[in-house]
Structure formats: structure tokens, C-alpha cells
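Asker: Please see the structure below; I have some questions.
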Ligand SMILES: [Zn+2]
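And the structure:
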């Protein structure tokens, strides 16, 4: 086991298909542009950093964490370009991609190759994708580009056709459990409980060990259930409280107010979605006051709103819309399944 948070690629086992493919490609030394797609919490960023360790580190598969590996994981290695949105921006712009194109045109400084990773690849806007085409089609010598995304629908067909698509599958609960036990030293019982609750999302399962996260989860589930059964002013009070919230689990990452709010909203959606999938599977009872809501429809409704988040600036608007739709569903026993766009067109 590695001493560092992310091991080398040789030590990862959660995505056997992906790991086999990547090791094969690395052995051939093929220079490539990739899109890595799959649900949240399935190890896309972990695999990207693990692969860079394997590419850059000269100490072999058992390296416990040399200076190079540490530079990779802190994203400070001069040949690793970790491309994020500019402060306060909702997308990755033409300027960001032009700057990356320039950096990639130089030879690597110390590593055998350069690697560019865009952890939110689905936020590269259309003009920036167009500016990126030539580099993706024919990356400079010794360059690997990895665009990470939960879905491929935000990419232009011209980008998709120039990148090799690598799919990350949702992790089975048993895989999440064994990673928690073997890599993170959890007890099998704790690991099993967290794995089942997280629905194949390792990132979420890991948070089960963090009391600020478990408190948040408990509060959100209670709040949402109560607000749905209560009066509208209660919802307004609740969302303004959430708007101000800075939960500890966000860590000390540098976030703008908008990003923080969006992360809180996303976490709320995920937590409530997980609660309703347990309700659907009969693992947790539905409170009497919410028995009018069909669990499958609630899940689809939550997923629909979760899917909207990357596309819209205002997550608060999405949360309000979600609440209205669920409230209406509780009254009628039927949740509106039309998409946001369809509804907007109708108005
Ligand atoms: Zn190393």
C-alpha cells in the first residue's frame, strides 16, 4: 500500500477494465487524447493521478511516495497541467484553452512526457472546444490529454471523434467496501454500511467516516422531508440558511461563494437521492406524511434536477424548482416528468 493518498496505477483495482486498457496503452507508449466518462465517485480523478505517478515516477511500482510522486499529487509538477475554471467563472473559456495549448507546445521539463488533465471537461465551453480541436487531434510530441466528465453529452461531436473514450462504471457496493477496508483501513461493518448507502460512489462512502458529513446528511434528510410536508415559508427559510452554509466537509479548498453554494446544493441533492433510493429498495421506510410520493418518480425527479446543475449558473433556482415539483407531486400523487426545457418553453 502506498503512503500517499493516491497509489500508482499498478496498485489500483477498482476499475479492472479501465486499468487493463490504460496499462496496455502505456506499454505501447501511444500518445493520445482521452475522454474519461462515468458517474461521480467512480475513481476518474484518482486513476488520472495514479497514471501520472506511474508515468513520471522512476522508482517502480512499489514507490511509497518519492518527491516526484508528491509533486504529482499536489499538482505542482511542472509537466502536469491540471486545468480548472478561472476564479468565479462557470466555464472553461477560450483563454484557458489557448494558455494550455501554449504550455503543451513546450518540451517536458523533467518528466518523460507532459500530461494535461481537465477534471471538469464537460465545462469547456463550445468556442473553447473548437480552439482545442487541433491539439486534441494531433497532440504535441509526448503529450497526453485527459478530459474528465460524468457524461459525454456536453462535448461537440468533433471533440468526441478526436478523443479515445474510456468509460468508468459505477462501482459495485462490494468493491467500495473492499477499497474502504483494504486501502483506508476501515472495519468491515463500517465499510459495508457506508458502501451500501453511497450507491457505488466511493467519494461519498469515504465521507461517511467524517462526522461533519454525517451530521450534514442527517440534517438534510430531516430538513427536506419536513419542508416537503410543511408550508412554503419553511422552504424559503431553509434555502436561505443553505445559501449561507459553509459545512466543514467542503474542506479548505479555495471556493468562490457561488462555487460553495453550488457544492452545498449538489451535496443536498445527492444525499436526498441516496435516501430515496434506499426507500425505493425498502431499506428505509417512507415517512407517513410522504407516502403519497411514488419513490421511483421522486428518484427520477431528483436525478433530473441533478443533471441540470452543470448547465445552469443558478443552482438555487434548480433547488426551488425541485421543491415545487415534489410539493406538487405530494398533492397529486404524480410528479411532473417533463424536462426543465419543456417546462420553460411552455411558459
Ligand atoms: Zn514515486
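Numbering (the numbering used here), first residue to last: 104 to 450.
Every residue gets a Cβ at the ideal spot worked out from N, C-alpha and C, and that includes glycine.
Assign residue 104 to one of two classes, buried (16 or more other C-beta atoms within 10 Å of its C-beta) or exposed (fewer than that).
Answerer: Indexing the chain shown from 1 puts residue 104 at position 1. Here the model assigns residue 104 a pLDDT of 41, short of 50, so the residue's position is not dependable and the matter cannot be decided.
Asker: Do residue 216 and residue 246 come within 8 Å of each other at the CB atom, strictly closer than that value?
Answerer: Position 143 of the chain shown holds residue 246. Position 113 of the chain shown holds residue 216. Yes, Cβ-Cβ distance for residue 246 and residue 216 is below 8 Å.
Asker: From this set, 191, 151 and 418, which residue's C-alpha is nearest residue 270's C-alpha?
Answerer: If you number the chain shown from 1, residue 270 lands on position 167. It is 151 whose Cα lies nearest to the Cα of residue 270.
Asker: For ligand 1, any of its heavy atoms closer than 7 Å to the Cβ of residue 113?
Answerer: Along the chain shown, read from residue 1 onward, the residue named residue 113 stands at position 10. No, ligand 1 has no heavy atom inside 7 Å of this Cβ.
Asker: Can you look up residue 314 in the DSSP assignment and give me helix, strand or coil?
Answerer: The residue you call residue 314 lines up with position 211 of the chain shown. Note: residue 314 maps to helix in three-state DSSP.
Asker: Would you mind stating whether residue 276 and residue 145 have Cβ atoms separated by less than 8 Å?
Answerer: As a first step, residue 276 must be located in the chain shown, where it is residue number 173. As a first step, residue 145 must be located in the chain shown, where it is residue number 42. It is not a contact, given that the beta carbons lie outside the stated cut-off.
Asker: Quick check: is any heavy atom of ligand 1 less than 7 Å from the C-beta of residue 171?
Answerer: Here the question's residue 171 lines up with position 68 in the chain shown. Within the cutoff, so yes.
Asker: Any idea which residues DSSP pairs residue 267 with across the strands?
Answerer: Counting from 1 along the chain shown, the entry for residue 267 is found at position 164. Bridge partners of residue 267 according to DSSP: 137.
Asker: Let me know the secondary structure DSSP gives residue 371 once reduced to three states.
Answerer: For the purposes of this step, residue 371 is taken as the residue at position 268 of the chain shown. Here residue 371 sits in helix by DSSP.
Asker: Can residue 484 be considered in contact with ligand 1, in the sense that its beta carbon sits closer than 7 Å to one or more heavy atoms?
Answerer: Because the chain in this structure spans residues 104 to 450, residue 484 falls outside the shown range and cannot be described.
Asker: To the nearest angstrom, how far is it from the Cα of residue 291 to the Cα of residue 300?
Answerer: Against the chain shown, residue 291 aligns to sequence position 188. Against the chain shown, residue 300 aligns to sequence position 197. Taking the straight line from one Cα to the other gives about 14 Å.
Asker: If distances are taken between C-alpha atoms only, which option among 400, 372 and 398 comes closest to residue 423?
Answerer: Numbered from 1 along the chain shown, position 320 holds the residue referred to as residue 423. When each option's Cα is compared against that of residue 423, the closest is 372.
Asker: Is the beta carbon of residue 324 within less than 7 Å of some heavy atom of ligand 1?
Answerer: The count along the chain shown starts at 1 and reaches residue 324 at position 221. No - ligand 1 has no heavy atom lying nearer than 7 Å to the Cβ of residue 324.
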